[in-house]
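Add 2 to the 1-based position in the sequence shown for this note's numbering, that's all there is to it.
Glycine included, every Cβ here is placed at the ideal spot set by N, Cα and C.
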Amino acid sequence: NWNGVRYDIPECGVVKTLMGVLLTIYGVVTVSVGTIIILLIKYIFLHTRMLYLYLKIFPEILNCKRLSFLPFWFCGLAIAIAIGPILFVLAVMISPLAGLHCPYVAITHNLNMNHGLKEAFNLLIKLDKITYECQWNFRLLKDIDLDLVYEPPTSSAETRGHANQYWDLFIKNCKEVCDDTKENGWITEEDIEGAMPNVLTAVPAMTVLK
Numbered sequence: 003n004w005n006g007v008r009y010d011i012p013e014c015g016v017v018k019t020l021m022g023v024l025l026t027i028y029g030v031v032t033v034s035v036g037t038i039i040i041l042l043i044k045y046i047f048l049h050t051r052m053l054y055l056y057l058k059i060f061p062e063i064l065n066c067k068r069l070s071f072l073p074f075w076f077c078g079l080a081i082a083i084a085i086g087p088i089l090f091v092l093a094v095m096i097s098p099l100a101g102l103h104c105p106y107v108a109i110t111h112n113l114n115m116n117h118g119l120k121e122a123f124n125l126l127i128k129l130d131k132i133t134y135e136c137q138w139n140f141r142l143l144k145d146i147d148l149d150l151v152y153e154p155p156t157s158s159a160e161t162r163g164h165a166n167q168y169w170d171l172f173i174k175n176c177k178e179v180c181d182d183t184k185e186n187g188w189i190t191e192e193d194i195e196g197a198m199p200n201v202l203t204a205v206p207a208m209t210v211l212k
């Protein structure tokens with residue numbers, strides 16, 4: 003980087019690549035199967051709850067002012083009946099994509115395979131909690147502290163301070179070299195202002211030697 007901090011390309015060996023592939027398969031299968039099981043058990047309760055909330059507004063339509071909306075209410079009832087299976091299928095189709103979060107967590111947590119394995123259960127617990135908040139159903143999975151918190155390592159303030167110190171010193175010496183070479187007639191003011199190749203190569207090299 004410009005301030006002297008080095009960022010290495012992570013080594014992607016055979017073991018790490020194999021771990022990513024295994025976590026991808028594990029996440030897709032586990033989250034998909036878990037989603038199907040949870041939704042199959044809770045589907046009748048969730049769909050019944052949705053229909054109940056929709057049927058509650060029926061008495062409000064049975065008056066002179068809103069009676070004209072009755073045909074639209076029946077159309078909405080048909081949609082409410084059909085949307086349950088549609089949402090179920092969509093959730094099952096999306097679940098494999100959610101399972102890809104397992105290898106993502108492992109990679110971003112410094113290749114922590116344990117966190118990648120736990121992330122599948124974390125996703126299923128969240129799904130169970132969301133469906134439970136819709137009422138008329140129960141919890142299948144209890145809230146568990148899976149300890150998925152990760153703090154990425156950061157460079158110390160002392161290291162950053164030394165890098166900035168050397169960079170500032172280099173810029174200062176470059177300015178001094180420019181002044182010295184200009185006084186000696188080796189380069190001209192026009193060369194410096196035009197960023198001529200001889201200036202761009204000679205000044206940093208002389209600065210390092212200084």
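Contacting residues, own chain, Cβ-Cβ under 8 angstroms from residue i (five flanking each side not counted)
{"i": "Tyr56", "result": "Gly78, Leu79, Ala82"}
{"i": "Pro98", "result": "Val30, Val33, Ser34"}
{"i": "Ile194", "result": "Cys180, Lys184, Val201"}
{"i": "His49", "result": "Gly86"}
{"i": "Ile43", "result": "Leu142"}
{"i": "Met208", "result": "Val179, Thr183"}
{"i": "Leu69", "result": "Ile63"}
Cβ-based neighbour list, residue i, same chain, cut-off 6 angstroms, excluding 5 preceding and 5 following
{"i": "Trp138", "result": "Phe47, Arg51"}
{"i": "Asn114", "result": "Ala108"}
{"i": "Leu72", "result": "Ile63"}
{"i": "Met21", "result": "Met115"}
{"i": "Phe140", "result": "none"}
Distance CB(residue i)-CB(residue j) smaller than 8 angstroms
{"i": "Leu125", "j": "His103", "result": "yes"}
{"i": "Leu148", "j": "Lys131", "result": "no"}
{"i": "Ile142", "j": "Ile38", "result": "The sequence as given places Leu at residue 142; Ile does not occur at that position. No."}
{"i": "Tyr28", "j": "Ala122", "result": "yes"}
{"i": "Phe90", "j": "Trp75", "result": "no"}
{"i": "Ile146", "j": "Ile127", "result": "yes"}
Rounded Cβ spacing between residue i and residue j (contact assumed at less than 8 angstroms)
{"i": "Gly118", "j": "Leu211", "result": "No, Gly118 and Leu211 are not in contact; Cβ-Cβ is about 51 angstroms, not under 8 angstroms."}
The ligand FMN heavy atom lying under 7 angstroms from the CB of residue i
{"i": "Leu42", "result": "This structure does not include the ligand FMN; it has no bound ligands of any sort."}
| request: Inspect the CB distances between the stretch 25-33 and the stretch 45-62 and report whether three or more fall short of 8 angstroms. | output: In short, these stretches do not touch, since the Cβ pair count stays below three.
| How about the stretch 134-149 and the stretch 169-176: do they share at least three Cβ pairs that are nearer than 8 angstroms? | At 8 angstroms Cβ cutoff, the stretches do not touch.
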